[in-house]
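Residue numbers (my numbering), protein chains in the order written: chain A, 4 to 225; chain B, 79 to 345.
Each residue gets a CB set at the ideal place from its N, CA and C atoms; glycine is no exception.
The model shown is predicted, which means the values in this text are computed figures rather than measured ones.
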Amino acid sequence: MEDAQLKAVLEALVFVSETPLTLDRMKEVLGGVSKRDLQRLLAEMMEEDRKSDRGINLVEVAEGFQFRTRPEHADWIRRLKKTKSAALSQPGLETLAIIAYRQPVVRLDIEKIRGVDSGGVLRTLLEKKLIKIIGKKDVPGKPLVYGTSKKFLEVFGLRDLADLPTLKDLESLGPPSTEGVLPLEEEEREAGTEPPEEAPPAPDDYEEPSDEPSSEAPKDPL
Amino acid sequence: MESPLFYREPEQMELPLKVRLETFEGPLDLLLYLIKKNEIDIYDIPISVITQQYLEYLEMMKNLNLDVAGEFLLMAATLLHIKSKMLLPDTGEEEGEKEEEDPRAELVRRLLEYQRFKEAAQQLVKGPLLDREVFVRSFFGDAPAGKEADEDLSGEVTLFDLLEVMKKVLEGLPAEEFQEISVEHLNIKDKILHIMERLWEVESLAFTELYTASTSRREIVVTFLALLELLRLRMIRVYQGESFGAIRVFSPVGPEEGRKTIEERIL
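Here's what the structure looks like:
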């Protein structure tokens, strides 16, 4: 297919998708077109939209692509829809920010930072589908572990979590840790065959044989 | 005229409505609020001033029958503990291996960490946000406008801003005089209706306008509780033009819909 044709198809696919359409899904549907080509075409389409004055723009958001209106048209659309945007409360937003930057987190982590019971706020965020339960922590009590959802990325217009604004000194608060988080399916697995306790650690000096052509000549073992 | 059949005293006098604060702010918010209000350097908090103000707010919240969460009391204890530690003269010089840490250090660390996330939250809502600045095609028709259980304590107004105004109103009251006893018929629902009727007439009111000069302490409290309830039901919105400026109250709900909601949602 010609580029122009492919673009038209992509446009159609994105148009009928309820949620941001991922590259994987496009590739599946189109077959035979490489991801790299898709990315190039989509980038061109976004550029064309940006240059044009049309009211609908292709946007990369929530790990996919979606048509969105322009921010400067917000007032007109609100007039049409007669809806008020359902704003989150301040505590809701803060809790969401904590989860976004610190995920995976358990309720206790959040409450340590906020210094106040956060059960009600978490419930609201779950109801709004901005956060989700991603597992249980492998500590006594097996508390639920929370993370942000795809909808979170959609609502806040983020491509992915790496797209979160970096904040001063936030890094110094410690990197997020995935340690000890059990995926939810773990329970079923636990009931069945027990996986071996721990894979024997590979010795540090052992290197995976790689099929990459090495430019360097193999070192003399002596 | 109220029929004796529906005579609701004295329960109404007991202010039976307890306002749960779980979706409101916590003790750290109150401390940050006080720090900002007093223009204090967060690294050098005058602990006795802050402790005193913190306790005043706590007292006020209790008087309002707000269900003060245990965390607020815990923080009060922490503040008092820090205060007492700071009053103690430096001992432990003999041990002297490491410099005694400022008793405030842990609290400051927590405040700073919390503030960072508050800032992060502000950063996030700068937008453009979906359904606020940008929109996508809706596949299942629009949800009915704002009917969902979205709590929306909007504007920049926090619970503490409201309490602050409340405090001023109470302070403006003449000293209590002991006179004849007349039982006041105060019930929150009536108050709510009264407030809403006024709002529907004039569109917006300053928070302080809701209290006339003659209102009693009890009536002020009932009015305040009515406002909290209205906020919870999203029947009013409160805005503050500038930090610590005047607070204005609006109603996004029309009279017809509003009366219906009051009838259905408020006992």
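- Taking the CA atoms as reference points, L308(B) sits about 46 Å from E14(A).
- For chain B, the residues of the region 94-125 of chain A that bring a beta carbon within less than 9 Å of one of its beta carbons are P94, G95, L96, E97, T98, L99, A100, I101, A103, Y104, R105, E114, K115, I116, R117, G118, V119, D120, S121, G122, G123, V124, in chain order.
- For A90(A), same chain residues with a beta-carbon under 7 Å away, outside a window of 5 residues either side, do not exist.
- Taking I116(A) as the centre and dropping the five residues before and after it, the same chain places the C-beta of I101 closer than 6 Å to its C-beta, in chain order.
- By the 16-neighbour rule on beta-carbons within 10 angstroms, A183(B) is exposed.
- Between the region 119-139 of chain A and the region 126-134 of chain B there are fewer than three C-beta pairs closer than 8 Å, too few to call the two in contact.
- Taken through DSSP and simplified to helix, strand or coil, S282(B) comes out as strand.
- Classified as buried, S152(A) has 16 or more neighbouring CB atoms from the shown chains inside 10 Å of its CB.
- By the Cβ neighbour-count rule, L61(A) is buried, with 16 or more other Cβ atoms within 10 Å of its own.
- Per DSSP, reduced to three states, the secondary structure at K139(A) is strand.
- The beta carbon of V109(A) sits closer than 6 Å to the beta carbons of K140, P146, V148 from its chain, once the five residues preceding and following it are set aside; these are given in chain order.
- By the criterion of a C-beta distance shorter than 7 Å, M164(B) is surrounded in its chain by I125, P181, once the five residues flanking it on both sides are discounted.
- Contact check between the region 37-51 of chain A and the region 184-194 of chain B: fewer than three CB pairs, one atom from each, fall below 8 Å, which does not count as touching.
- Apart from sequence neighbours up to five positions away, the residues of its chain that approach K135(A) with a beta-carbon distance below 8 Å are L129, Y149, G150, T151, S152, ordered along the chain.
- Taken in chain order, the members of the region 202-219 of chain B whose beta-carbon sits within less than 8 Å of a beta-carbon on chain A are L202, V203, G205, P206, L207, L208, D209, R210, E211, V212, F213, V214, R215, F217.
- The beta carbon of L305(B) lies closer than 6 Å to none in the same chain, with the five residues before and after it left out.
- Among the bridge pairs identified by DSSP, I325(B) is matched with Q318(B).
- Residue-level contact check: Y192(B) touches chain A, since one or more beta carbons of chain A fall below 8 Å from its beta carbon.
- In chain order, Q93 make up the part of chain A whose C-beta sits under 7 Å from the C-beta of T236(B).
- Around the Cβ of V142(A), a 10 Å sphere holds fewer than 16 other Cβ atoms; the residue is exposed.
- For F195(B), the nearest CB of chain A lies under 8 Å from its own CB, placing it at the interface with that chain.
- Residues of chain B whose Cβ lies closer than 7 Å to the Cβ of E157(A) are, in chain order, L208.
- At a cut-off of 8 Å between beta carbons, R53(A) makes no contact with chain B.
- Nearest C-alpha to P105(B) among F217(B), G323(B), I128(B), T339(B): I128(B).
- DSSP links R310(B) through a beta bridge to no other residue.
- Here Q106(A) carries a coil assignment [DSSP, helix/strand/coil].
- Contact note: T72(A) reaches chain B through V212, F213, using a C-beta cutoff of 7 Å and chain order.
- If you draw a 10 Å sphere on the C-beta of T169(A), you find fewer than 16 other C-beta atoms in it, and that means exposed.
- Taken in chain order, the complete alpha helix (DSSP H) segments of 4 residues or longer contained in the region 140-198 of chain B are 148-165.
- Interface residue (Cβ-Cβ distance to chain A less than 8 Å): M313(B) is not classified as such.
- The alpha-carbon of L144(B) is positioned some 60 Å away from that of L33(A).
- Excluding five sequence positions before and after I344(B), the CB atoms of its chain that fall closer than 8 Å to its own CB belong to I266, K267, I270, E307, L311, given in chain order.
- Chain order gives the chain B residues near G160(A) as G205, P206, L207, L208, E211, V212, where near means a beta carbon separation below 9 Å.
- A Cβ of chain B is located within less than 8 Å of the beta carbon of I80(A).
- In summary, D119(B) is exposed, with fewer than 16 beta-carbon neighbours lying within 10 Å of its beta-carbon over all protein chains present.
- At least 8 Å separates the beta-carbon of G58(A) from that of V212(B).
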